[in-house]
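Below is one structure; the comments refer to it alone.
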Amino acid sequence: MEAVSRTAQWTAAARALESERDDRIFDDPYARTVAAGTGFALLERYAGAGTVPFLAIRTKYLDDAVVRTVTERGIRQVVFLAAGMDTRFHRLPWPDGVTVYELDRPALLDAKAAMLAGEPEPAGRERRTVAVDLTGDWTGPLKEAGWHAEEPVLWVVEGLLFFLPEQAVRTLLGTLAAHSAPGSVLAGDVISRAALLNPLSRPFLAALREDGNPWLFGTEEPEQLLTDCGWAVREVRQPGEEGADFGRWPYPVVARDVPGVPRSFLFTCDTPAHPEPAA
Numbered sequence: 001m002e003a004v005s006r007t008a009q010w011t012a013a014a015r016a017l018e019s020e021r022d023d024r025i026f027d028d029p030y031a032r033t034v035a036a037g038t039g040f041a042l043l044e045r046y047a048g049a050g051t052v053p054f055l056a057i058r059t060k061y062l063d064d065a066v067v068r069t070v071t072e073r074g075i076r077q078v079v080f081l082a083a084g085m086d087t088r089f090h091r092l093p094w095p096d097g098v099t100v101y102e103l104d105r106p107a108l109l110d111a112k113a114a115m116l117a118g119e120p121e122p123a124g125r126e127r128r129t130v131a132v133d134l135t136g137d138w139t140g141p142l143k144e145a146g147w148h149a150e151e152p153v154l155w156v157v158e159g160l161l162f163f164l165p166e167q168a169v170r171t172l173l174g175t176l177a178a179h180s181a182p183g184s185v186l187a188g189d190v191i192s193r194a195a196l197l198n199p200l201s202r203p204f205l206a207a208l209r210e211d212g213n214p215w216l217f218g219t220e221e222p223e224q225l226l227t228d229c230g231w232a233v234r235e236v237r238q239p240g241e242e243g244a245d246f247g248r249w250p251y252p253v254v255a256r257d258v259p260g261v262p263r264s265f266l267f268t269c270d271t272p273a274h275p276e277p278a279a
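Listed below in structure tokens is the structure:
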């Protein structure tokens, strides 16, 4: 696999650690398999900066967003962009009739298929892998795989945006909006620009660069970014805030108006014409 693809095994290793806790907030019985030795070596190499608790929180937040969306919205197309070693197709309680599309680089998809070759395909759902480079044309191959642009879709962009330069981020988010039928949903994460500049993050970021996986993009205004790219923001949460804590975040949550603070953001968005009804 390419260097950037190996980070998927790093996040899988973090999921394995959470799944093996007595008080786990989710259970991923496949995580240790797809993490393999590479994932745990990277987990040690990239230690610090709150990465392990954040990865647990991000997984739980997006698990909940996915289940809620397919259950309450009736969406039956779910697309994971840069799916990596994600195992939600196997482990989440999907309604019957859902088709999950996993987009990623060919070598990663091949490696993942080999690792999970002995696992049975759950009944009532279908998974289709689409080998693409997300910096090129991917909508064509996705349509060829059976995705219908005229039907609502849930897009999941987990652990992806900070690996892209800003223009590529905006192009991707805008492309997703342009190809979303009314009622579609976008869920994912992004980091702040300060997270790329904070002195305490230098060893972690240097290790990523040395391994060929540099983080390139962050924003202090995720709401504005998502709005500019055609999305109606339903929520943006920092780890530790209500709905993005789950008893895992060990640090105080610093108010958004305090400048220069490294932050991670978890978000859920709707197509502008069909926002989530107020509670």
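Counting from 1, position 57 in the sequence shown corresponds to residue 57 in this note's numbering; the numbering is continuous, with no gaps.
Just so you know, even glycine gets a beta-carbon here, dropped at the ideal spot from N, CA and C.
The structure displayed is predicted, hence computed values, not measured ones.
Exposed unless 16 or more other CB atoms sit within 10 angstroms - verdict on residue i
i	result
residue 71	exposed
residue 210	exposed
residue 238	buried
residue 30	buried
residue 258	exposed
residue 241	exposed
residue 251	exposed
residue 102	buried
residue 65	buried
residue 21	exposed
residue 202	exposed
residue 287	It is not possible to answer for residue 287, since the shown part of the chain is limited to 1 through 279.
residue 9	buried
residue 93	exposed
Rounded Cβ spacing between residue i and residue j (contact assumed at less than 8 Å)
i	j	result
residue 138	residue 77	15 Å between Cβ atoms; not a contact.
residue 7	residue 55	Contact flag wrong, Cβ pair sits at about 11 Å.
residue 160	residue 82	4 Å
residue 194	residue 263	7 Å
residue 128	residue 99	6 Å
residue 177	residue 231	6 Å
DSSP three-state assignment for residue i, whether helix, strand or coil
i	result
residue 136	coil
residue 248	coil
residue 191	strand
residue 265	strand
residue 241	coil
residue 28	coil
residue 5	helix
residue 44	helix
residue 254	coil
Nearest neighbour of residue i, chosen from the options [CA to CA]
i	options	result
residue 266	106, 183 and 158	158
residue 243	63, 24, 38 and 51	63
residue 171	192, 136, 184 and 25	136
residue 90	219, 121, 68 and 114	121
residue 95	117, 69 and 103	69
residue 106	249, 214, 134 and 100	134
residue 196	219, 212 and 270	219
residue 212	189, 164, 177 and 125	164
residue 205	38, 25, 37 and 51	51
residue 192	156, 236 and 132	236
residue 88	179, 42, 28 and 141	28
residue 271	123, 97 and 152	152
In DSSP terms, what residue i is bridged to
i	result
residue 186	155 and 269
residue 80	102 and 156
Distance cut-off 7 Å: residue i Cβ against heavy atoms of the ligand NAD
i	result
residue 167	The model on display carries no ligand, and the ligand NAD is accordingly not part of it.
Short CB-CB distance (under 8 Å) between residue i and chain B
i	result
residue 230	In the displayed structure, chain B is absent; only one protein chain is listed.
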